[in-house]
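Enquirer: After the structure tokens below, expect a handful of questions from me.
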Amino acid sequence: MRIGGTGRPLPSSGRTKVSGAQGGGVFEPDVAGEPQRAANISASSTANGIGALLAMQAVEDAVYGRRKAMKRANLLLDTLEEMRLDLLAGRVSEGRLNRAIALLQQAKSHSEPGLDEVVADIELRVRVELAKLGKYPSF
Numbered sequence: 001m002r003i004g005g006t007g008r009p010l011p012s013s014g015r016t017k018v019s020g021a022q023g024g025g026v027f028e029p030d031v032a033g034e035p036q037r038a039a040n041i042s043a044s045s046t047a048n049g050i051g052a053l054l055a056m057q058a059v060e061d062a063v064y065g066r067r068k069a070m071k072r073a074n075l076l077l078d079t080l081e082e083m084r085l086d087l088l089a090g091r092v093s094e095g096r097l098n099r100a101i102a103l104l105q106q107a108k109s110h111s112e113p114g115l116d117e118v119v120a121d122i123e124l125r126v127r128v129e130l131a132k133l134g135k136y137p138s139f
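Here you go:
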């Protein structure tokens, strides 16, 4: 998340004057009656708390899967860029090709349809570049 800029703090408008109490009501405790007992806590509140924790874990897993897929896609793009620079220099290193193959073999995380399509397009581009250089990974 980027923070565009911080705004300057605004000066407070100062203290506003409040006129006297309106309505003339006065607090009077009820001393004649007996104190009431608090209601018992039911066991369902504990179950609701556990359900909320499980729901939070599911959300974290989805966010983690998206983050992992984006990291993998960025690594694939970086590898493609490095391969392009190597081709311009006249030679692609064997290590870079092996790195591209290893990245392709990593398990995919199915997080979002749109993100998965972009990652699949990047993978296809890496496979095409590997095929041009005589590497045909089978998976």
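Going by UniProt numbering, the sequence shown opens with residue 1, and the numbers climb by one from there.
Using N, Cα and C, we set each Cβ at its ideal position, and we do this for glycine too.
1. Roughly how many angstroms separate the alpha carbons of Gly-65 and Glu-81, rounded to a whole number?
2. How long is the line joining the alpha carbons of Ala-100 and Lys-71, rounded to whole angstroms?
3. Within its chain, find whatever has a CB closer than 8 Å to the CB of Glu-129; leave out the 5 residues flanking it on each side and keep chain order.
4. Once DSSP output is grouped into helix, strand and coil, what is the label at Leu-133?
5. I'd like the ranges of any beta strand (DSSP E) spanning at least 3 consecutive residues and lying wholly in the region 49-117.
6. Please look up how many angstroms separate the CB atoms of Leu-75 and Leu-103, rounded, as I've assumed it's under 8 Å.
7. For the ligand FMN, I want to know if Arg-125 counts as a neighbour, meaning its beta carbon is within less than 7 Å of at least one of the ligand's heavy atoms.
8. By the 10 Å Cβ neighbour count, where 16 or more other Cβ atoms means buried, how is Ala-73 classified, buried or exposed?
9. What is the DSSP secondary structure of Arg-125, counted as helix, strand or coil?
10. Apart from the five residues just before and just after Val-92, which ones in its own chain have a Cβ nearer than 7 Å to its Cβ?
Expert: To lay it out plainly:
1. Taking C-alpha positions only, Gly-65 is separated from Glu-81 by approximately 24 Å.
2. Spanning the two alpha carbons is a distance of roughly 14 Å.
3. Result list for Glu-129: Leu-80, Met-83 and Ala-100, in chain order.
4. Collapsing the DSSP output to three states places Leu-133 in coil.
5. As far as the region 49-117 is concerned, it has no whole beta strand (DSSP E) run of at least 3 residues.
6. The C-beta distance from Leu-75 to Leu-103 rounds to 6 Å, short enough to fall under 8 Å.
7. This structure simply doesn't include the ligand FMN, nor any ligand for that matter.
8. Buried, because 16 or more other Cβ atoms sit within 10 Å of the Cβ of Ala-73.
9. Residue state, collapsed to three classes: helix.
10. Closer than 7 Å at the Cβ level, and outside the excluded window around Val-92, lie Met-83, Asp-86 and Leu-133.
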